[in-house]
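In the UniProt record's numbering, the protein residues as written are 1 to 166.
Every residue, glycine too, gets a C-beta built ideally from N, C-alpha and C.
None of these values were measured; they are calculated from a predicted model.
Data first, discussion second: the structure below is written as structure tokens.
Put into structure tokens, the structure is as follows:
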């Protein structure tokens with residue numbers, strides 16, 4: 001067996017480093033796995049906020065959902081806006097804050113984006129997941145808008161500081 005050349009040794013170290021990185025990432029996904037989702041504070045040209053009412057939980061919410069494997073946060077945001085409201089972006093979304101969502105799990109985080117100039121490209125008919133949607137003036141929210149929804153809107157308006165927990 002011939003001794004390794006410098007090039008062969010460097011290649012072997014590179015392959016071992018990539019293998020070790022993959023093994024460690026797999027371990028951390030199990031040992032320290034984290035889930036992440038997006039929520040969108042979608043404002044139309046009139047300054048109204050878009051909210052959704054789901055079939056499986058009470059109250060009105062900002063549209064959003066989980067970020068899937070191989071999906072960017074921006075892709076997840078656009079997908080959730082499209083699926084939950086037939087919404088199209090006006091201005092580019094702005095990341096406002098990252099929250100820990102311990103009500104979901106001990107490892108869930110939510111990225112909150114502000115989306116201005118949003119428009120609904122077609123009515124969103126009710127289905128098994130979303131039973132109702134609408135744009136509301138921020139000072140005239142539905143009575144059963146969730147406390148988290150109200151808190152996020154107060155944060156966006158600058159009435160209260162951004163919290164670290166959803």
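Taking DSSP as the reference, what is the three-state secondary structure of residue 128?
Taking the first residue of the chain shown as 1, we reach residue 128 at position 128. Coil.
Excluding the 5 residues preceding and the 5 following residue 24 in the sequence, name in chain order all residues of the same chain whose CB lies nearer than 6 Å to its CB.
Taking the first residue of the chain shown as position 1, residue 24 is located at position 24. Annotation note: pLDDT 47 at residue 24 (below 50); position unreliable, coordinate value reported separately. For residue 24, where only same-chain residues beyond five positions count, there are no Cβ hits under 6 Å.
Among 140, 5, 73, 101, whose alpha-carbon lies nearest the alpha-carbon of residue 113?
As a working mapping, residue 113 is identified with position 113 in the chain shown. Nearest C-alpha to residue 113: 73.
Quick check on the burial criterion: 16 or more other C-beta atoms within 10 angstroms. Buried or exposed for residue 76?
As a working mapping, residue 76 is identified with position 76 in the chain shown. It is buried - the Cβ of residue 76 has at least 16 other Cβ atoms within 10 Å.
Would DSSP call residue 154 helix, strand or coil?
Here residue 154 corresponds to residue number 154 of the chain shown, with the count starting at 1. Residue 154 falls in the helix class under three-state DSSP.
Below-8 Å beta-carbon distance, residue 60 vs any chain C residue:
Absent here is chain C; the protein component of the structure consists of one chain.
When the Cα atoms are used, what is the spatial distance from residue 133 to residue 71?
What you label residue 133 is simply residue 133 of the chain shown in a count that begins at 1. What you label residue 71 is simply residue 71 of the chain shown in a count that begins at 1. So the two alpha carbons sit approximately 25 Å from each other.
Tell me which same chain residues have a C-beta within less than 8 Å of the C-beta of residue 89, skipping the five on either side of it?
Here residue 89 corresponds to residue number 89 of the chain shown, with the count starting at 1. For residue 89, where only same-chain residues beyond five positions count, the Cβ hits under 8 Å are 78, 81, 115, 117, 118.
CA-CA distance, residue 157 and residue 139?
On the chain shown, position 157 is the one that residue 157 refers to. On the chain shown, position 139 is the one that residue 139 refers to. Looking at the two C-alpha atoms, the distance is approximately 11 Å.
Following the continuous alpha helix (DSSP H) through residue 81, name the residue where it begins and the one where it ends.
Here the question's residue 81 lines up with position 81 in the chain shown. Note, residue 81: alpha helix (DSSP H), 73-85.
Is the CB-CB distance between residue 36 and residue 96 below 8 Å?
Mapped onto the chain shown, residue 36 falls at position 36. Mapped onto the chain shown, residue 96 falls at position 96. No.
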